[in-house]
Structure formats: structure tokens, C-alpha cells
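Before any comments, here is the structure.
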Amino acid sequence: MNHSSIGKLQRVPLREVWKHEAYDFTQWLQENIDILNDSLDLNLITADREQAAGSFSIDLVAEDEDGTTYVIENQLEKSNHDHLGKLITYLTARSARGGIWIVSEPRPEHVAAMAWLNESPSADFYLVKVEAVRIGDSPAAPLLTLIVGPSEEAKSTGRAKQELSERHEIRKRWWAALITQPGAKLHAHITPGISSWLGASSGTPGLTYWYGVTKANCTAELYIDRGKGNDEQNKRIFDQLKGLQAEINSSITLPVTWERLDDRRACRIRISLPGGYRSLEDEWPAIQAKQISAMNELEQALRPALKNIRFGSQETAG
């Protein structure tokens, strides 16, 4: 091969090729929609110019062979918030499936915004960089590069975020309802959060009464964790309580699980019940009443024992 015959690719200023965005570039794109199809793996077959969207005008409205609508916003300059807002407005006004934004220089914040928009299942968003290139004295040619496009991974991420948000919201409602129930005095002063746990101190540092909730179950437990470096002390506390297991269990009307958790730092004494935050909400009061009753029984049964817990050779909780 004669390497001297290989040409050098040169960038051409866009305004030398398309002097006016609306009159030149938009018209050219309308007539050459196949070039956009090749870049985006779409099959747009029609494209109409200057379609109205309220008091605004859309650069191009295109349809694929299935009649699915796409709006196209052109910007022969750096991307900006104004054009991003227009794209979303046009897409909403036309109930379009996809929004295509063609720019000369995509800013990082708009790349991130378009990627975030693609997490929604309701629409597909494409951010395309347009350049003009030539080799030697050849005519300028368009170069369209997809910067951001829809993907199943993005949609999956969006679904996961939505599910997490829904779990957070429903768990917060669960705790808000629980702490207003009669008998929930131990945790009544605790602010409801979004986690699967709600805790209150037993009065002894490192020993916490926790409510727990999952989709189908709920718990009441004493969690023993005196902090980093206190693994052995946690086990000693648990073992002291375990020595009173028969007496403690006899004071509680529900089955109690004693978990030393030898592979972990902490220990716990737990009561588990059926029913959780995915139960019908009109069933919540009855489920929570049982959870609160379990917590109160556990706390009352453990209270005398906790007063006599020895942490060291002399130190006691009481």
C-alpha cells in the first residue's frame, strides 16, 4: 500500500457547511434523515419541519415505520439548558416516544442529564454530536456521533431506583403509623426514617431495642453492640442474659430467638412475626399492634436482667 495515498481527515467549521441552523441544517436533515437513522439505529421514514408545540415550534417531528413519534431539536453550538428544556417540552406536547437533541458540543452536565432521563421507561432520549469533516479537497461530509442513547441497562437502573424510592416511602409510612399506636411509648419520640429499622435505647449504652420490618415480616429485638473492639464484651453480655433464658422466655407469650452470632461482633434476642410493609395497609394496625406488644413484652422481661449486667470485673448497668 502506498501510504502517501491515505488522506487526512479535517474538521470543517459547521457554519461553513450550514450557515443557518433552521434554514440550512434542519432542511438538510429533513432531506437526509437516513444519515440520522444510521447513527441511532432507528428507522425514521418521515420528518416534518417547524411543527407547533403550544407557543413554540419544533425543529423536526419524525415518525418511524410503526408510527412512533420522535421530536428533534437542533443546536449548532454548545448544548445549553434552554434547548434541553425545549426538547422535553416538545416531547411532552407531542406525546412522543423519543427526543433527539443534535448539538455541536455536548456539555458534561447535559450528557449526565440525558443519561438520567433515559432511566425513565416513558421515553427514549438521544444526544448526538454533529461535526463536518473532509479529506483533502473533497466536499464536506456530516459526522453524527451518538453520545447518549437509551439502553436496557439504563431502564433497569431507573426501575431499581424507582423500586428503592417506593420502599423508602412505604417504610417511612409504616414507622409513622407505628409510633402513633397506643403502647408504642418506648419509640414514640423517634423520628420515622426510610430504613427497615427503628431503634430506641434501652438505657444501657450499646443495648438497643429495634423494631424491624421487611415486605412480609416484622420483628422486635434487643440488639447488643457496644461498638468497635468490644466483640468479647458483647458476647459476655449475651451469655449473662442467656443464663436467664428460661426465666425471660416464661415472661413472653411469643417464641424468642436467641442469636449469639459468633461470626459477627453483635448479638441479638429477637421476636419475629408475620406481616410487613407489603401487607394491605388496612391490615397494618393489627400487625403493628402485635409488633408493639412483642416489643413491650421483651423490654419488660429483660428490664430486671439488664440492671444487673456486668460489663467488666466491677461495672454493672444498674
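If you want this note's numbering, it's the position in the sequence shown, counting the first as 1, plus 1379.
C-beta atoms are modelled at their ideal positions from N, C-alpha and C, and glycine is treated no differently.
- Among the bridge pairs identified by DSSP, glycine 1515 is matched with none.
- Taking C-beta separations shorter than 8 Å and ignoring five residues to either side along the sequence, the partners of serine 1483 in its chain run Leu1393, Gln1454, Leu1455, Glu1456, Lys1457, Lys1508, Val1509 and Glu1510, following chain order.
- Taking C-beta separations shorter than 7 Å and ignoring five residues to either side along the sequence, the partners of leucine 1565 in its chain run Ala1579, Tyr1588, Met1674 and Glu1678, following chain order.
- In terms of Cβ geometry, alanine 1556 and tryptophan 1637 do not form a close pair [threshold 7 Å].
- No residue range can be given for tyrosine 1402, since it is assigned to no alpha helix (DSSP H) and is classified by DSSP as neither H nor E.
- Three or more Cβ pairs drawn from the stretch 1639-1646 and the stretch 1597-1611 lie within less than 8 Å of each other, which places the two stretches in contact.
- Counting along the chain, no beta strand (DSSP E) covers phenylalanine 1617; the unbroken alpha helix (DSSP H) around it starts and ends at 1610-1621.
- If you draw a 10 Å sphere on the C-beta of glutamine 1541, you find fewer than 16 other C-beta atoms in it, and that means exposed.
- The three-state secondary structure of tryptophan 1576, taken from DSSP, is strand.
- Comparing C-alpha distances from isoleucine 1437 to each of Glu1400, Gln1619 and Glu1498 shows the shortest one belongs to Glu1400.
- At least 7 Å separates the beta-carbon of isoleucine 1631 from that of alanine 1563.
- Closest by C-alpha distance to glycine 1654, out of Gln1624, Pro1683 and Ala1595, is Ala1595.
- If you check the CB distance, lysine 1551 and proline 1500 do not come in under 7 Å.
- In the assembly as shown, proline 1518 is an exposed residue. Its beta-carbon has fewer than 16 other beta-carbons within 10 Å.
- Cβ atoms of leucine 1525 and serine 1658 stay farther apart than 8 Å, at about 46 Å.
- With a contact defined as Cβ atoms closer than 8 Å, phenylalanine 1504 and lysine 1465 miss out at about 13 Å.
- Looking from the CA of tryptophan 1553, the closest CA among Trp1576, Asn1411 and Arg1538 belongs to Trp1576.
- Between valine 1512 and arginine 1390, the CB-CB gap stays under 7 Å.
- Sixteen is the threshold: when 16 or more other Cβ atoms of the shown chains lie within 10 Å of the Cβ of proline 1485, as they do, the residue is buried.
- Secondary structure of valine 1635 (DSSP, three-state): coil.
- Bounds of the beta strand (DSSP E) holding glutamine 1454 are 1448-1457.
- The shortest C-alpha to C-alpha distance from threonine 1448 to any of Ile1481, Ala1472 and Asp1461 is the one to Ala1472.
- In the three-state scheme derived from DSSP, where H, G and I count as helix and E and B as strand, proline 1485 is classed as coil.
- Around the beta carbon of tyrosine 1402, fewer than 16 other beta carbons sit within 10 angstroms, so the residue counts as exposed.
- Annotation note: the stretch 1533-1592 contains the following uninterrupted beta strand (DSSP E) runs of length 3 or greater, listed N- to C-terminal: 1576-1580 and 1586-1592.
- For aspartate 1427, the three-state secondary structure derived from DSSP is strand.
- DSSP places tryptophan 1480 within a strand segment (E or B) once states are collapsed to three.
- The C-alpha of aspartate 1610 is placed about 23 Å away from the C-alpha of tyrosine 1590.
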